[in-house]
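Colleague: Supplied in C-alpha cells, the structure appears directly below.
Protein chains: 2
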Amino acid sequence: MHGTETRKLPGFVGGTIDRVDHIRTNPALLASAFVDPAARLLLLDGLDPVEADGHLVLEPLAADAQVEDHLLLGIDTGNRPIFARLVADLGPNLVPTPRSRAIADLVPAEEVALYGAARSLVHWHARHPFCSVCGGATAPAKAGWARKCGNCGSEHFPRTDPVVIMLAEHRGRILVGRQHSWAPGRYSALAGFVEPGETIEEAVARELFEEAGVRVRDVRYVMSQPWPFPSSLMIACIGQAEDDALTLDQTEIEDAFWCDADGVRAALAGDPDAPFSAPPPMAVAWHLLDRWLAVAGPTLVPSGASA
Amino acid sequence: MHGTETRKLPGFVGGTIDRVDHIRTNPALLASAFVDPAARLLLLDGLDPVEADGHLVLEPLAADAQVEDHLLLGIDTGNRPIFARLVADLGPNLVPTPRSRAIADLVPAEEVALYGAARSLVHWHARHPFCSVCGGATAPAKAGWARKCGNCGSEHFPRTDPVVIMLAEHRGRILVGRQHSWAPGRYSALAGFVEPGETIEEAVARELFEEAGVRVRDVRYVMSQPWPFPSSLMIACIGQAEDDALTLDQTEIEDAFWCDADGVRAALAGDPDAPFSAPPPMAVAWHLLDRWLAVAGPTLVPSGASA
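Quick note, the sequences are listed as chains A and B, same order.
So that you can map any letter, position 181 of the first sequence is 181 in full-length UniProt numbering, and since no number is skipped, the others follow by simple counting.
So that you can map any letter, position 140 of the second sequence is 140 in full-length UniProt numbering, and since no number is skipped, the others follow by simple counting.
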C-alpha cells in the first residue's frame, strides 16, 4: 500500500514508460515487439484497472492475439513491450468508477500513470469506430495511436482536452467552490475547458468570471496533470482577484467562499473542523492548494499562533 | 497597418469578445441575439479571413439566415452579437494559406484572436458531420459549441490539442531546429503534441529526447497561444539540458544546433548575418526566444562587446 502521506505527485503523473514513437509507425518493429516473449498485456476490466498485490496485473499475450487489436503503450523500464487490448464495445459504463479512482492509492505512481494513459486511449478508440468526416468505418493505426477511415482515408488522433483549474487569490485568501453533485462539505478549485481561440491565462480569467463573477490578473501557471476521465490535461494556475465580491453561476457552482491559509492548512490535513473537505492528493487541486500555502502561508499568521 | 515592430502579443492572443456561455445553452437568448439588429456575421472565404481597411469584414446577417447554420462567437465590446456561418463542405483546402497567416499583421490583435477562434470552430464543424460513435448524422448544438448525433444522441465538443513548444538550454545556449519543409535558413523551437497520460513537463522532456536526443530537467512554463491551424493550444516552455550532445530524428528534424544569446538577438532583429532566420512575431516561438533573451541575455557577454 502506497499511502497518500508519502505521495509527492498528483495521480497519473510520473510515468516511466518509453513511448517509442519510432516503433508505432514501423510495422516491422511493431510486429517484433508483439511477438517478443517479454511482451505483456495490461489487463483492464472494461475501463477499470485490475490490481493484485500492490501492482497492476500484466499478463503474457494470448497465443491467438492479433496485433491489430492492440495498443502499444510503450516499453517499460524492464524492457518489456506493454500492450492494452482495444475493445469495440465497452458498454455504457464509461464514467469513472470508485475502483478506477482508488487505484491511485494502491499501486506505485508510474503504474497509476500507465493505467491513466491506457484508459484514455482505450476509451477514445471505443468512441471512434466511425469517421466523423464521412461516416465510414475506421480501424486502429500506428500501434493504436491513430485511427484511419477505410472509406475516405481520414486520419484521426486521440484527443487530449486542456482544462484550467485555478485559485483566485485576494488579500491572503483563495477562492474554493463546490458543484451540486459533490459530497457534502467538499470544496475545490474551480475548473473549466480551454476553448479554441484562447490562451491558458485567458481561459482562467473567463472561467473565474463566468462561474464566480471574479476578475483576475497576473495569472501564473503552477503545474499540470493528465486526468483520464476521459482524457483531460489539467493545467493548474493561480490568479490575483481584483476584489472579493462573488456572483455565482448557480447552474455550475452551488457555493463558493474565500478561505484563508489556516483554513486551507486544516483542510489539507483532513482536520474535521476545517472549513471545507479538500479533494484527495490524487487530484491536482490538492497540490495547487498545497503549493499556494507554501508560497502564501509563511507571510501570514501561522496556524496556532494567537491572533 | 499594425506593424510587427509594435506587436506585444503573439498572433491570436488578446481576444476581447465575451463568450457568453449562458446564451449558448439558452435557445431563447440565442434567438434574441440572432435577430438583434446589431448582430453581425464575421465573413470568411472558406477558412480564409476577409479584411478591408485594416479590419475584419463584419456584415449584417442575411434576411433568410437561419440560426441553426451559425456559430455564436460571442458579444463584442460594442455589444454586438458576432456570428460565423457553418459550412458543410469546405472543400479540400483546409491547410493554412499565406492569407490566413498574413492576417496577424493586418488587423488589431483582438480581431486576429476572433478570426482564430472562428477558423478553428468552422473547421471542426466541417470535419464532424458524422458521429464517431455510431456513424449517424450530427447537427450543430449549443450555438455551434457542440454537435449532437441525431441517431444515438452522443454529444461532441470542439477539440483543442495541447502542443508543447520548447527550448532546451545548456550553458548559455539554446537549441533550435528546422523541419525539412521549412524555408531555407528558418530555425525555431522544437514542438510536439501532448499525449494522453503525460504532463506538460513530461511531454517537453519526451519530445526533446525523441527529436534531438536531449535530456532535460527543471522544465518551466513561459506562455501559451491558441494556434488555429487547425486548433492547437501552444504551450511554450524552457528546460535545462543535461548535456549538449545531439541525436536527431531525421524523419522529423532536418537540422538543429545550439545558439548563443548574440545569435538569438541577431535572429530576432532580422539581421541577415544572424545564424538562423527566426519565425515571425505572430508565432509564440519568437516570443519564447525573446523571453529567454530577457532572462539569459544580461548574464552573458553583451552583443558587440569584445570577447
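Note that beta-carbon positions come from the ideal geometry of N, C-alpha and C, so glycine has one too.
None of these values were measured; they are calculated from a predicted model.
Establish whether the CB of A:D271 and some CB of chain B are separated by less than 9 angstroms.
Modeller: Along the first sequence, read from residue 1 onward, the residue named residue 271 of chain A stands at position 271. No, its Cβ sits nowhere closer than 9 angstroms to a Cβ of chain B.
Colleague: Rounded to whole angstroms, how far is the Cβ of B:P129 from the Cβ of B:E68, which I believe are closer than 8 angstroms?
Modeller: For this step, residue 129 of chain B is matched to residue 129 along the second sequence. For this step, residue 68 of chain B is matched to residue 68 along the second sequence. Incorrect: roughly 14 angstroms between the Cβ atoms, too far for contact.
Colleague: Return the CA-CA distance between A:D273 and A:A183, expressed in angstroms with no decimal places.
Modeller: Position 273 of the first sequence, counted from the first residue, corresponds to residue 273 of chain A. Position 183 of the first sequence, counted from the first residue, corresponds to residue 183 of chain A. Their backbone Cα atoms lie some 16 angstroms apart in a straight line.
Colleague: Check each residue of the stretch 93–122 of chain A: if its Cβ is closer than 8 angstroms to any Cβ of chain B, include it; give the result in chain order.
Modeller: If the cut-off is 8 angstroms between Cβ atoms, the stretch 93–122 of chain A has A113, L114, G116, A117, A118, S120, L121 near chain B.
Colleague: Looking at the C-beta of A:W124, does it have a partner C-beta in chain B at a distance below 9 angstroms?
Modeller: Sequence index remark: in the first sequence, residue 124 of chain A carries index 124 (1-based). Yes, its Cβ sits closer than 9 angstroms to a Cβ of chain B.
Colleague: Taking the alpha carbon of residue 312 of chain B as the point to measure from, which residue in B:F83, B:E111, B:R206, B:K142 has its own alpha carbon closest?
Modeller: There is no way to answer for residue 312 of chain B, as the model of chain B reaches only from 1 to 307.
Colleague: May I have the straight-line CA-CA distance separating B:G116 from A:C134, to the nearest angstrom?
Modeller: By 1-based counting over the second sequence, the position of residue 116 of chain B is 116. By 1-based counting over the first sequence, the position of residue 134 of chain A is 134. C-alpha separation (whole angstroms): 25 angstroms.
Colleague: How would you write the range of the alpha helix (DSSP H) that B:E202 sits in, first residue to last?
Modeller: One-based indexing of the second sequence puts residue 202 of chain B at position 202. Taken as a continuous stretch (DSSP letters only), the alpha helix (DSSP H) holding B:E202 covers 200–212.
Colleague: Identify each residue in the stretch 170–202 of chain B for which the Cβ-Cβ distance to at least one residue of chain A is less than 8 angstroms, and report them in chain order.
Modeller: Listed by position, the residues of the stretch 170–202 of chain B near chain A (Cβ gap below 8 angstroms) are F193, V194, E195, P196, G197, E198, T199, I200, E201, E202.
Colleague: With DSSP as the reference, please indicate the residues paired to B:V164 in a beta bridge.
Modeller: Numbered from its first residue, the second sequence carries residue 164 of chain B at position 164. BP columns for B:V164 point to B:G192, B:I235.
Colleague: Can the beta-carbon of A:L90 be found less than 9 angstroms from the beta-carbon of A:L42?
Modeller: To locate residue 90 of chain A, count along the first sequence from 1; it is residue 90. To locate residue 42 of chain A, count along the first sequence from 1; it is residue 42. No, the pair does not count as a contact, with Cβ atoms beyond the cut-off.
Colleague: With a cut-off of 8 angstroms on the beta carbons, I'd call A:G239 and A:V219 a contact; round off their distance for me.
Modeller: Locating residue 239 of chain A in the first sequence gives position 239, counting from the first residue. Locating residue 219 of chain A in the first sequence gives position 219, counting from the first residue. Sure, about 4 angstroms apart at Cβ, within 8 angstroms.
Colleague: Got a sec: which bits of the stretch 219–230 of chain B sit with their beta carbon under 8 angstroms from any beta carbon on chain A, in order along the chain?
Modeller: Within the stretch 219–230 of chain B, the residues whose Cβ lies closer than 8 angstroms to some Cβ of chain A are Y221, M223, S224, Q225, P226, P228, listed in chain order.
Colleague: Among A:N79, A:H125, A:L61, A:F34, whose alpha-carbon lies nearest the alpha-carbon of A:P230?
Modeller: Taking the first residue of the first sequence as 1, we reach residue 230 of chain A at position 230. Here the closest residue by C-alpha is A:H125.
Colleague: Grab me the residues of A:R291's own chain with a C-beta within less than 6 angstroms of its C-beta, minus the 5 sequence neighbours each way, in chain order.
Modeller: Within the first sequence, numbered from 1, the residue matching residue 291 of chain A stands at position 291. The answer, listed in chain order, is V222.
Colleague: B:V284 and B:A236 look like a contact to me (Cβ under 8 angstroms); what is the Cβ gap, rounded to whole Å?
Modeller: Within the second sequence, the letter at position 284 stands for residue 284 of chain B. Within the second sequence, the letter at position 236 stands for residue 236 of chain B. About 5 angstroms; that satisfies the 8 angstroms criterion.
Colleague: From the beta carbon of A:G54, is the nearest beta carbon of chain B less than 9 angstroms away?
Modeller: Along the first sequence, read from residue 1 onward, the residue named residue 54 of chain A stands at position 54. Taking Cβ atoms only, chain B never reaches closer than 9 angstroms to A:G54, which makes this a no.
Colleague: When DSSP labels each residue in this structure, what does B:F34 get in the three-state scheme?
Modeller: Here residue 34 of chain B is taken as the residue at index 34 of the second sequence, counted from 1. In the structure shown, B:F34 sits in a helix (DSSP, three-state: H, G or I).
Colleague: What alpha helix (DSSP H) runs, 4 residues minimum, are completely inside the stretch 10–84 of chain B?
Modeller: The stretch 10–84 of chain B contains these whole alpha helix (DSSP H) runs: 21–24, 27–35.
Colleague: Take every Cβ of the stretch 73–85 of chain A, pair it with every Cβ of the stretch 12–19 of chain A, and state whether three or more of those distances are shorter than 8 angstroms.
Modeller: A contact exists between the stretch 73–85 of chain A and the stretch 12–19 of chain A.
Colleague: Taking DSSP as the reference, what is the three-state secondary structure of B:G153?
Modeller: On the second sequence, position 153 is the one that residue 153 of chain B refers to. Coil.
Colleague: Which parts of the stretch 254–287 of chain A are runs of the alpha helix (DSSP H), unbroken and 4 residues or longer, counting only runs that do not cross its ends?
Modeller: 261–268, all fully within the stretch 254–287 of chain A.
Colleague: Quick one: is A:T247 near chain B, going by C-beta distance under 9 angstroms?
Modeller: Residue mapping note: residue 247 of chain A aligns to position 247 of the first sequence, counting from 1. Output row for A:T247: interface = no.
Colleague: So, helix, strand or coil for B:W292, using DSSP?
Modeller: Looking up residue 292 of chain B in the second sequence gives position 292. Correct three-state label for B:W292: helix.
Colleague: What are the residues in the stretch 16–29 of chain B lying within 8 angstroms of chain A by C-beta distance?
Modeller: For the stretch 16–29 of chain B, which is checked against every Cβ of chain A, the residues closer than 8 angstroms are R19, D21, H22.
Colleague: Would you kindly report the start and end of the unbroken alpha helix (DSSP H) that includes A:Y115?
Modeller: Along the first sequence, one-based indexing puts residue 115 of chain A at 115. First-last of the alpha helix (DSSP H) with A:Y115: 109–126.
Colleague: Using a Cβ-Cβ distance cut-off of 9 angstroms, determine whether A:A38 contacts chain B.
Modeller: Along the first sequence, read from residue 1 onward, the residue named residue 38 of chain A stands at position 38. Chain B contact via Cβ: absent.
Colleague: In the stretch 131–148 of chain A, which residues sit with their C-beta less than 7 angstroms from some C-beta in chain B, listed in chain order?
Modeller: Answer set for the stretch 131–148 of chain A: C131, S132, V133, C134, G135.
Colleague: Sorted by chain position, which residues of the same chain lie with C-beta nearer than 7 angstroms to B:G185's C-beta, five sequence neighbours on each side aside?
Modeller: Position 185 of the second sequence, counted from the start, is the residue given in the question as residue 185 of chain B. Cβ neighbours of B:G185 beyond the five flanking positions: F276, S277.
Colleague: In whole angstroms, what separates the C-alpha of B:S32 from that of B:I23?
Modeller: As a first step, residue 32 of chain B must be located in the second sequence, where it is residue number 32. As a first step, residue 23 of chain B must be located in the second sequence, where it is residue number 23. Looking at the two C-alpha atoms, the distance is approximately 9 angstroms.
Colleague: For a contact defined as C-beta to C-beta under 8 angstroms, what are the partners of A:F12 on chain B?
Modeller: Along the first sequence, read from residue 1 onward, the residue named residue 12 of chain A stands at position 12. The answer, in chain order, is G197.
Colleague: Contact criterion: CB-CB distance below 9 angstroms. Does B:R215 meet it with respect to chain A?
Modeller: Locating residue 215 of chain B in the second sequence gives position 215, counting from the first residue. Answer no: the Cβ-Cβ gap between B:R215 and chain A never drops below 9 angstroms.
Colleague: Using DSSP's beta-bridge definition, name the partner residues of B:P140.
Modeller: Start at 1 with the first residue of the second sequence, and residue 140 of chain B comes out as number 140. BP columns for B:P140 point to B:R147.
Colleague: From A:V122 to A:A212, what does the alpha carbon distance come to, in whole angstroms?
Modeller: Translated into positions along the first sequence, residue 122 of chain A becomes position 122. Translated into positions along the first sequence, residue 212 of chain A becomes position 212. Near 35 angstroms, if we compare the C-alpha coordinates of A:A212 and A:V122.
Colleague: Using CA coordinates, which residue listed in B:A113, B:D249, B:P226 is at the minimum distance from B:H180?
Modeller: Reading the second sequence from its first residue, position 180 is the one you call residue 180 of chain B. Among B:A113, B:D249, B:P226, the Cα nearest to that of B:H180 belongs to B:D249.
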